[in-house]
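Shown next, in structure tokens, is the structure this report addresses.
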Amino acid sequence: MAKDQPKTITTTGAARLCGVSHMTIIKWFESGLIQGYRLPGSGDRRILMTSLIEFMQKNNIPVPDEFHREKYRILVVDDDERIHRIFKASFSSEKFEINCASDGYTAGLLTQKIRPHLIILDISLPDIDGRKIASSIRENIEGWEGIIFAISGINISSVDEREMNKYGIDYFEKKPLDMKKFVEKVEKLLEEKFG
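If you're matching positions, the sequence shown starts at -6 in the numbering used here and goes up one per residue.
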């Protein structure tokens, strides 16, 4: 959804967008097909635009151009091609565009080129300490304000975990990842930061 668009819409506004009656929107809301909330006092409903647009896309209801959301760009930095495939499969929804890099050099080039919203970075790469990649990206990619989410299969002390932010790393998770929970966490972080 474009940055200047409202986060919620009335049932009447949602009905106009979908080409249905406002009673149909209320039915969809009450049955949980679209998400929103009721205003205190009046009980009027407000529909979350993200939920409405997702519902429209799933049900082949045309979405006006001004409401199309830019896909979240994610860069996966890991030397293991299997990990690339796992992330591509896990983030397969229409919300994400996944790019992959196997080394620090390619990660820097892709960050400059695609300006990812989020970098998932294995900090235990064979050619370089992933923390140095994070630090280099933060220092050298002018104006980039994305999220760096580090992952690792090796044991990292709690002191090292707490010091990750010195390298520009925002979050850390140990492998193996519960991919369903990880995707949910990443999606929430992206929505909070980028809308």
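Positions of the beta carbon are idealized from the N, C-alpha and C atoms, including for glycine. Note that the structure is predicted; figures quoted are calculated from it, not measured.
For Asp58 and Ile149, the gap between their C-alpha atoms comes out near 46 Å.
Secondary structure note for Leu102: its alpha helix (DSSP H) is the uninterrupted segment Gly97 to Ile107. Per DSSP, reduced to three states, the secondary structure at Asn158 is helical. In this structure Met42 is in contact with Lys0, their Cβ atoms being roughly 6 Å apart against a cut-off of 8 Å. Under DSSP, Asp115 forms a beta bridge with Ile144. Per DSSP, reduced to three states, the secondary structure at Lys167 is strand.
Cβ contact annotation for Ser85 (same chain, cutoff 7 Å, sequence separation greater than five): none. Counting C-beta pairs with one atom in each stretch, the stretch 62 to 72 and the stretch 18 to 36 have fewer than three that are closer than 8 Å, which means they do not touch. Boundaries of the beta strand (DSSP E) around Leu68: Tyr65 to Val70. Counted as a single uninterrupted DSSP element, the alpha helix (DSSP H) harbouring Asn133 occupies residues Gly123 to Asn133. For Ile18, the CB contacts under 6 Å within the same chain, skipping 5 residues up- and downstream, are Thr4, Ala7 and Ala8 in chain order. CA-CA distance, Asp73 to Arg108, rounds to 22 Å. About 6 Å separates the CB atoms of Thr104 and Trp137; that is less than 8 Å, so the two are in contact.
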